[in-house]
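Structure first, then comments.
Number of protein chains: 2
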Amino acid sequence: MSRLSTEKIIAVALEIADRDGLEGLSMRNLATQLNVKAMSLYNYFNSRETLIDALVEKVVAEIVLPTQMLDWVDGLRQRCLSAYQVLKKHPWASVAMMSRINTGPAMLGYIEGTLAIAVAGGWSEPEADHIWNALDSYVYGFVTQELKFPVEPQEYQQAAAQYLPEIPASTYPHFVNLGHQIIDGSYHGLHTLEFGLDCLLEGLRRHQQQRAS
Amino acid sequence: MSRLSTEKIIAVALEIADRDGLEGLSMRNLATQLNVKAMSLYNYFNSRETLIDALVEKVVAEIVLPTQMLDWVDGLRQRCLSAYQVLKKHPWASVAMMSRINTGPAMLGYIEGTLAIAVAGGWSEPEADHIWNALDSYVYGFVTQELKFPVEPQEYQQAAAQYLPEIPASTYPHFVNLGHQIIDGSYHGLHTLEFGLDCLLEGLRRHQQQRAS
DNA sequence: GGATTTGACTTACACTGTAAGTTTACCTTA
DNA sequence: TAAGGTAAACTTACAGTGTAAGTCAAATCC
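Spelled out as structure tokens, the structure:
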């Protein structure tokens, strides 16, 4: 660790954020990991916020856009699944991407690539803009919600068993029923990105067909 | 303001959060507004986090579920639109709702009501669970993204005019095209919740029809 | 009226981001 | 090689954060 660099800082910051979340990424904390004092970081980033912007760029760059020519539905689907995988690798990122404006090259390339798929599929540019926005709203929202729940079905089962007794079945019948199904194993309780994603895409396809006729 | 109470604290905290965001809601700040010192608040809430949980509950309680019996599609649609309006009134809330687990009565009632609409529409409980999750993922994600952009078309136009010159049209053709359309007024650039919502619902309807046949 | 509980208070600690100013070390040019 | 310039580290300081711990007065209850 002879000398600092933006790349080195970003790499270590990414490690910390992935492990401890954005709130665990303090300038002093990060500096310590780099064998340096906090203020030295300000030679490379104007503020903590701009550092986080750089982290978001780094993450967006990981999302892969389909290269070979696909049906627009398959293309968008594949893109969303890639975004999903990347966002799950970086648990802090979905909220950051939703709530901050990023105009870095990775983000622009990501948007451009998505628009291109839709336009190639016969949509106008404003329509492609709506489609991109709708898909990402769903993907970001889904990931963020999923991250707050236990991942393993087993943990889910335990959590359900723990909390369910306190919930009156008379006022919340369906909710409690679901809880019982999760506890007895007849329903895993886990959600998949594909469920809503395929509904969205199916709706879009219908929308396009209806307009053509 | 003779005496503190959870209701009074929540009311003022809600004002602050709505105006300055969650990061503007500090215990000292909040206490000052209540003519009290910070530590007095801890007589009513164990921590800042539990206070925020209470705020979320308060917000969820504002969401209205359709009362009269509607088609399940219309019922879910109406519910999502209500949630959307409420979340826009409380700009900090969408992220909070996505990222924290809330088991208060308002939240449970909200979920239960949503499940009930879907089940009444012929879906199984696990399916209703998936539907609820998909819709809320989209709504939360949409609101959060929308809140970071300028609201007025005019501001959007100005922002586009300001940033577009720096973006090379050769590498981002569709993106730049969209920018031009926003600047010249042929495309407002604004998104609507309904676009993706109706796609989702249409996809769900198809899904159900296909299964029935 | 005395005991008990409630709800406010003060103080203190370990953090946070970052503005401002200083020193060290290297690199370039004479 | 010596000198000058600059880049990149440093220290110090400030105003803020959440909250643990202990104190003290007033209201409530037996």
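Quick note, the sequences are listed as chains A and B, same order.
If you read the first sequence in the working numbering, its first letter stands for residue 334, the second for the next number, and so on.
If you read the second sequence in the working numbering, its first letter stands for residue 334, the second for the next number, and so on.
Yeah, the Cβ is synthetic: ideal placement off N, Cα and C, and Gly gets one too.
From a predicted model like this one, the values you see are computed outputs, not experimental measurements.
For chain A, check one thing: does any of its Cβ atoms lie closer than 8 Å to the Cβ of residue i?
i: residue 516/B; result: no
i: residue 478/B; result: yes
i: residue 470/B; result: yes
i: residue 358/B; result: no
i: residue 362/B; result: no
i: residue 458/B; result: yes
i: residue 549/B; result: In this structure chain B extends from 334 to 546, so residue 549/B is not present and cannot be described.
i: residue 350/B; result: no
i: residue 535/B; result: yes
i: residue 339/B; result: no
Is there at least one Cβ from chain B nearer than 8 Å to residue i's Cβ?
i: residue 402/A; result: no
i: residue 336/A; result: no
i: residue 510/A; result: yes
i: residue 320/A; result: What is shown of chain A runs 334 to 546, which leaves residue 320/A out entirely.
i: residue 474/A; result: yes
i: residue 454/A; result: no
i: residue 467/A; result: yes
i: residue 461/A; result: yes
i: residue 353/A; result: no
i: residue 365/A; result: no
Measuring alpha carbon to alpha carbon, tell me which of the options ends up nearest residue i.
i: residue 410/A; options: 465/A, 483/A, 342/A and 353/A; result: 465/A
i: residue 487/B; options: 523/B, 477/B and 471/B; result: 523/B
i: residue 467/B; options: 337/A, 525/A and 369/A; result: 525/A
i: residue 405/B; options: 455/B, 474/B and 432/B; result: 455/B
i: residue 451/A; options: 512/A, 412/A and 367/A; result: 412/A
i: residue 400/B; options: 484/B, 415/B, 461/B and 389/B; result: 415/B
i: residue 386/A; options: 496/A, 428/A, 337/A and 541/A; result: 428/A
i: residue 408/B; options: 420/B, 439/B and 453/B; result: 453/B
i: residue 483/B; options: 475/B, 477/B, 492/B and 496/B; result: 492/B
i: residue 507/B; options: 509/A, 461/A, 512/A and 545/A; result: 461/A
i: residue 426/A; options: 475/A, 368/A, 448/A and 438/A; result: 475/A
i: residue 434/B; options: 490/B, 342/B and 389/B; result: 389/B
i: residue 421/B; options: 378/B, 342/B and 477/B; result: 477/B
i: residue 350/A; options: 378/A, 544/A and 423/A; result: 423/A
i: residue 438/B; options: 457/B, 472/B and 392/B; result: 392/B
i: residue 396/A; options: 457/A, 480/A, 418/A and 472/A; result: 418/A
i: residue 402/B; options: 527/B, 449/B and 356/B; result: 449/B
i: residue 430/A; options: 380/B, 529/B, 353/B and 479/B; result: 479/B
i: residue 355/B; options: 436/B, 382/B and 510/B; result: 382/B
i: residue 463/B; options: 495/A, 527/A, 440/A and 378/A; result: 527/A
i: residue 457/A; options: 510/B, 541/B and 432/B; result: 510/B
Quick one: is residue i buried, meaning 16 or more other Cβ sit within 10 Å of its Cβ, or exposed?
i: residue 348/B; result: exposed
i: residue 372/B; result: exposed
i: residue 334/A; result: Confidence is the limiting factor: at residue 334/A the pLDDT is only 40, short of 50, which leaves the residue's position unreliable and the question unanswerable from this model.
i: residue 503/B; result: exposed
i: residue 376/B; result: exposed
i: residue 364/B; result: buried
i: residue 470/A; result: buried
i: residue 512/A; result: buried
i: residue 505/A; result: buried
i: residue 340/A; result: exposed
i: residue 545/B; result: exposed
i: residue 346/B; result: buried
i: residue 357/B; result: exposed
i: residue 496/A; result: exposed
What residues from the region 480 to 506 of chain A come within 9 Å of chain B, judged by C-beta to C-beta, listed N to C? Under the 9 Å Cβ criterion, the region 480 to 506 of chain A contributes 480, 481, 482, 496, 499, 500, 504, 505 and 506.
Can you list, in chain order, the residues of the region 374 to 400 of chain B whose Cβ is nearer than 9 Å to any Cβ on chain A? none
Is the region 514 to 528 of chain A touching the region 517 to 525 of chain B in the sense that three or more CB pairs, one from each, lie closer than 8 Å? Contact between the region 517 to 525 of chain B and the region 514 to 528 of chain A is absent, because fewer than three Cβ pairs lie under 8 Å.
Beta carbons nearer than 8 Å to chain A: which residues of the region 441 to 452 of chain B have them? 441, 442, 444, 445, 448, 449 and 452
Does the structure place the region 523 to 536 of chain B close enough to the region 530 to 541 of chain A that three or more beta carbon pairs sit under 8 Å? As far as the Cβ criterion goes, the region 530 to 541 of chain A touches the region 523 to 536 of chain B, which means the pair count is three or higher.
Would you be able to state if there are at least three C-beta pairs under 8 Å between the region 441 to 450 of chain A and the region 490 to 501 of chain A? They do not touch, by the three-pair rule.
Against chain B: residues of the region 401 to 433 of chain A by CB proximity under 8 Å: 428, 431, 432 and 433
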